[in-house]
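K.L.:
Here it is, the structure in full.
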Amino acid sequence: MAARAVAVSGGRGQAVSRMAAALAGAGVIALTLVPVAAVLFRAGGWGQLGPGDWQALRFTLLQATLSAAFSVLLAIPVARALARRRFPGRGLLVALLGAPFILPVIVAVLGLIAVFGRSGLLNSGLEALGLPPMTIYGLHGVVIAHVFFNLPLATRLLLQGWLSLPAERFRLAASLGLTPWAMIRVLEWPMIRRIAPGAFAVIFVICLSSFAVALTLGGGPRATTVELAIYQAVRFDFDLGRAALLSVIQLGLAAVAGLVALRLGGEQGFGVGLDRRIDRWDGRTPAARAIDLVWIVAVALFLMMPLATVVWRGLPGLAALGAGTWEAAWHSVTVALGSTAICLLWALPLASRRGEVLGLAGIALSPLVLGTGLFLVLRPVVNPLSLALPVTALINALVALPFALRILRPEAEAIRADYSRLRQALGLTPLAWFRLVLLPRLRRPLGFAAGLTAALSMGDLGVIALFADPDRATLPLQVYRLMGAYRMEAAGGAALLLLGLSFAAFWMFDRGGRVNAEA
């Protein structure tokens with residue numbers, strides 16, 4: 077009888093888990109398919125598109141191609157230098173390469189303007205040398221911003237490729253007396269040829285859905301992306317049919333580019349070895365050391381200078397923050413907390429291989445396309461602007477879901493495999509299993525996933541720009557409005573506040589998960 081009761085209890089637990097996963101999956105599918113169906117239903121014929129829309133399509137493809145190409149090309153010498161050099165602070169520099177991922181886009185843009193803008197550090201130096209100034213606005217400004225965000229990603233991908241090359245191959249090259257150029261051709265170029273196309277495709281997909289960068293640095297109709305055209309069609313022209321058709325085009329671009337990225341991202345390994353580290357003999361010459369030093373210092377300055385200027389110029393602006401900025405900061409905190417809660421409620425039951433595939437919708441679909449679809453769905457029932465904050469939190473949770481699942485799934489599957497027999501033997505109820513077994517062992521990855529979700533949501537400037545009215549601005553939108561009003565000191569203070577809140581949210585959740593796990 078006892079064994080039968082345990083079996084019944086275990087069966088009920090599995091049924092509850094499957095039901096929770098089904099409900100979470102249904103929520104993700106509904107939030108994905110309903111807005112897309114609304115967009116497809118509302119989309120009109122190609123005749124609705126004007127010359128400006130086709131120009132936006134051409135500019136989107138051009139800036140994404142240039143951004144991905146420059147990011148990958150510049151990452152090759154940087155990754156090579158980091159792969160063959162050991163120096164104090166190298167680990168910190170590699171870790172800082174991940175900082176732009178959680179950095180609010182509007183903060184990075186403000187920092188780039190402080191460095192490359194009309195009165196920025198670079199133009200001040202060019203003026204002192206008697207050279208003509210450069211402008212940060214337009215195509216090259218968009219490309220610079222995208223390289224700032226994606227150069228670290230390309231560097232990490234290529235660095236991993238270099239570190240995957242077995243040390244025995246370098247020993248063999250040394251014993252054969254290969255010249256440095258011959259070693260590049262025989263060992264390093266095949267690795268670059270395998271990894272670089274996949275990195276290019278991934279960054280191309282990311283840059284296709286660029287909105288905040290184009291909104292702040294586009295500089296006019298000739299530098300408008302498809303996402304920005306969707307925003308303008310809804311907010312300024314209120315042409316929902318044209319916005320829906322542009323959303324379909326953006327959806328098709330993202331789908332095709334995503335399939336290409338998936339196809340190119342399946343490179344094979346580079347052989348096996350004994351996992352021994354070897355000092356690279358090809359980099360011992362003074363010229364090689366100097367070249368590696370230049371690349372490492374250049375990328376460190378390129379990534380750190382905008383952040384440093386945001387901090388330096390933002391400190392005086394903290395005193396100029398008004399009540400509207402503090403209210404926007406509170407909105408950002410509530411949206412970030414709401415997004416984090418929703419994302420984790422989805423991620424915990426979906427932390428499986430099948431669930432992770434389902435969660436990829438957050439990457440495959442543009443947030444602005446989802447926002448446009450929800451705008452079309454909600455408009456006949458309620459004023460969409462009144463739901464700006466909840467809708468923003470919901471879509472931010474969906475966008476962060478793939479990253480949360482990637483963090484949680486390996487550990488969750490290991491826990492289920494290791495403790496499933498114990499669960500059946502003890503007849504644990506679903507609540508007891510979650511409270512006593514799953515949650516304590518998931519605290520570390522759960523904290524990291526929560527911190528990442530909160531930071532990404534805190535700095536988002538996408539859906540909120542489509543839905544928000546003057547009374548429901550978040551902090552990124554408030555920074556953009558202050559910049560548009562040429563209140564740069566107040567914008568700097570608000571950007572510094574946003575930077576602090578984003579990193580504080582990430583640190584608090586991540587640290588909380590690690591402390592609880594250690595306890």
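Numbering follows the numbering used here, in which position 260 of the sequence shown is assigned residue number 336; successive positions increment by one, without gaps. Quick reminder that beta carbons are idealized off the backbone N, C-alpha and C, glycines included.
(1) What span of residues does the alpha helix (DSSP H) with THR301 cover, start to end?
(2) On the CB-based measure, 16 or more other CB atoms within 10 Å of its CB, does GLN344 come out buried or exposed?
(3) Report yes if the C-beta distance between ALA114 and VAL458 is below 9 angstroms; otherwise report no.
(4) Mapping the DSSP letters down to three states, classify VAL289 as helix, strand or coil.
(5) The alpha helix (DSSP H) that contains ILE491, what's its start and end?
(6) Taking only the alpha-carbon atoms, compute the straight-line gap between LEU158 and ALA151 and give it to the nearest angstrom.
(7) Could you tell me whether the stretch 565-576 touches the stretch 494-508, where touching means 3 or more Cβ pairs closer than 8 angstroms?
(8) Sorted by chain position, which residues of the same chain lie with C-beta nearer than 6 angstroms to PRO443's C-beta, five sequence neighbours on each side aside?
(9) Go through its chain and collect everything with a Cβ distance to PRO111's Cβ below 6 angstroms, but skip five positions before and after it.
(10) Let me see if you follow: with CB-CB separation under 9 angstroms, is TRP402 close to chain B or not?
(11) Please determine whether the Cβ atom of SER533 lies at a distance below 8 angstroms from any heavy atom of the ligand PLP.
(12) Use the C-beta contact count for ASP494: other C-beta atoms within 10 angstroms, 16 or more gives buried, fewer gives exposed.
(13) Just to confirm, is the Cβ distance from LEU426 to ALA530 under 9 angstroms?
(14) Between the Cα of LEU542 and the Cα atoms of VAL555, VAL411, THR468, which residue gives the shortest distance?
(15) Would you mind stating whether LEU142 and LEU379 have Cβ atoms separated by less than 9 angstroms?
(16) Where does ASP586 sit, in a helix, a strand or coil, going by DSSP?
(17) Pairs of beta-carbons, one from the stretch 118-138 and one from the stretch 294-309, closer than 8 angstroms: are there three or more?
(18) Does the distance from the C-beta atom of PRO392 to that of LEU188 stay below 9 angstroms?
(19) From this set, SER462, GLY398, ALA480, SER415, which residue's C-alpha is nearest GLY435's C-alpha?
(20) Using only the alpha-carbon positions, how far apart do ALA525 and PRO209 sit?
(21) Buried or exposed for GLU303, please, with buried defined as at least 16 other CB atoms from any protein chain shown within 10 angstroms of its CB.
(22) Decide if PHE117 is buried, meaning its Cβ has at least 16 other Cβ atoms within 10 Å, or exposed.
(23) Would you give the residue range spanned by the alpha helix (DSSP H) that ILE282 belongs to?
(24) Nearest to ILE491 by alpha carbon, out of ALA473, ILE105, ARG482, PHE510?
(25) Can you tell me whether DSSP reads TYR562 as helix, strand or coil?
(26) Counting only the same chain and skipping the five closest in sequence on each side, list residues whose C-beta sits under 8 angstroms from that of LEU512.
(27) Please return the same chain residues whose Cβ sits closer than 8 angstroms to the Cβ of GLY317, not counting the five positions on each side in sequence.
(28) Roughly how many angstroms lie between the CA atoms of ASP315 and ALA561, to the nearest whole one?
(29) Which residues in the same chain have their Cβ closer than 7 angstroms to the Cβ of ALA155, if we skip the five residues on either side of it in sequence?
(30) Alpha carbon to alpha carbon, how far is GLY535 from SER408?
(31) Tell me where the alpha helix (DSSP H) around ALA427 begins and ends.
(32) Look up TYR213 in the DSSP assignment and say whether it is helix, strand or coil.
(33) In terms of residues, what are the limits of the alpha helix (DSSP H) holding ASP368?
(34) If you follow the alpha helix (DSSP H) that ASP129 is part of, which residue opens it and which one closes it?
(35) For the stretch 177-239, list the alpha helix (DSSP H) runs that are entirely contained and at least 4 residues long, ordered along the chain.
(36) Using only alpha-carbon positions, find the residue among LEU394, GLY523, ALA544 that is nearest to PRO460.
P.N.:
From the atom records:
(1) Counting from one through the sequence shown, the residue named residue 301 turns up at place 225. THR301 -> no alpha helix (DSSP H), and no H or E assigned at all.
(2) As a position in the sequence shown, residue 344 is number 268, starting the count at 1. Residue confidence is low: GLN344 scores 47 on pLDDT, short of 50, so the model does not pin down where it sits. No coordinate-derived value is stated.
(3) Residue mapping note: residue 114 aligns to position 38 of the sequence shown, counting from 1. Residue mapping note: residue 458 aligns to position 382 of the sequence shown, counting from 1. Result no, Cβ atoms of ALA114 and VAL458 do not sit closer than 9 angstroms.
(4) Within the sequence shown, numbered from 1, the residue matching residue 289 stands at position 213. DSSP places VAL289 in helix when its eight states are reduced to three.
(5) Here residue 491 corresponds to residue number 415 of the sequence shown, with the count starting at 1. Residues 464-502.
(6) Along the sequence shown, one-based indexing puts residue 158 at 82. Along the sequence shown, one-based indexing puts residue 151 at 75. Going by the C-alpha atoms only, they are around 10 angstroms apart.
(7) no
(8) Sequence index remark: in the sequence shown, residue 443 carries index 367 (1-based). So the list reads ILE471, VAL475, GLY538, VAL539, once near-sequence residues are dropped.
(9) Position 35 of the sequence shown holds residue 111. Contacts found: LEU446, GLY449, LEU450.
(10) Considering every chain present, this structure includes no chain B. It has just one protein chain.
(11) Only the bare structure without any ligand can be found here, which leaves the ligand PLP out of the picture.
(12) For the purposes of this step, residue 494 is identified with residue 418 of the sequence shown, where counting begins at 1. Exposed, because fewer than 16 other Cβ atoms sit within 10 Å of the Cβ of ASP494.
(13) Numbered from its first residue, the sequence shown carries residue 426 at position 350. Numbered from its first residue, the sequence shown carries residue 530 at position 454. No, they are not a contact pair.
(14) Taking the first residue of the sequence shown as 1, we reach residue 542 at position 466. Nearest of VAL555, VAL411, THR468 to LEU542, Cα basis: THR468.
(15) As a first step, residue 142 is located in the sequence shown; it is residue number 66 there, counting from the start. As a first step, residue 379 is located in the sequence shown; it is residue number 303 there, counting from the start. The answer is no: Cβ separation not under 9 angstroms.
(16) By one-based count along the sequence shown, residue 586 stands at place 510. ASP586 falls in the helix class under three-state DSSP.
(17) yes
(18) Within the sequence shown, the letter at position 316 stands for residue 392. Within the sequence shown, the letter at position 112 stands for residue 188. For PRO392 and LEU188, no; Cβs fall outside 9 angstroms.
(19) Within the sequence shown, residue 435 is the residue found at index 359, counting from 1. The shortest C-alpha separation from GLY435 is found at ALA480.
(20) Looking up residue 525 in the sequence shown gives position 449. Looking up residue 209 in the sequence shown gives position 133. Those two C-alpha atoms are separated by around 43 angstroms.
(21) Within the sequence shown, numbered from 1, the residue matching residue 303 stands at position 227. Per the 10 Å Cβ criterion, buried.
(22) If you number the sequence shown from 1, residue 117 lands on position 41. The residue in question, PHE117, is exposed, as its Cβ has fewer than 16 Cβ neighbours within 10 Å.
(23) Reading the sequence shown from its first residue, position 206 is the one you call residue 282. Where ILE282 is concerned, the enclosing alpha helix (DSSP H) stretches over 265-284.
(24) Mapped onto the sequence shown, residue 491 falls at position 415. Considering only alpha carbons, the answer is PHE510.
(25) Translated into the one-based positions of the sequence shown, residue 562 becomes position 486. In the structure shown, TYR562 sits in coil (DSSP, three-state: anything other than H, G, I, E or B).
(26) Position 436 of the sequence shown holds residue 512. Closer than 8 angstroms at the Cβ level, and outside the excluded window around LEU512, lie LEU504.
(27) By 1-based counting over the sequence shown, the position of residue 317 is 241. Excluding residues within five positions, the ones whose Cβ falls inside 8 angstroms are ARG118, ALA119, GLY120, GLN124.
(28) What you label residue 315 is simply residue 239 of the sequence shown in a count that begins at 1. What you label residue 561 is simply residue 485 of the sequence shown in a count that begins at 1. About 26 angstroms.
(29) Stepping through the sequence shown from its first residue, residue 155 is reached at position 79. Correct list, in chain order: THR231, LEU234, LEU235, TRP238.
(30) Position 459 of the sequence shown, counted from the start, is the residue given in the question as residue 535. Position 332 of the sequence shown, counted from the start, is the residue given in the question as residue 408. Their backbone Cα atoms lie some 8 angstroms apart in a straight line.
(31) The count along the sequence shown starts at 1 and reaches residue 427 at position 351. Where ALA427 is concerned, there is no enclosing alpha helix (DSSP H), given that its DSSP letter is neither H nor E.
(32) Counting from one through the sequence shown, the residue named residue 213 turns up at place 137. Coil at TYR213, not helix or strand.
(33) Reading the sequence shown from its first residue, position 292 is the one you call residue 368. 362-393 is the extent of the alpha helix (DSSP H) around ASP368.
(34) Here residue 129 refers to the residue found at position 53 when the sequence shown is read from its first residue. ASP129 -> alpha helix (DSSP H) spans 127-159.
(35) 181-192, 197-204
(36) As a position in the sequence shown, residue 460 is number 384, starting the count at 1. Answer by Cα proximity: ALA544.
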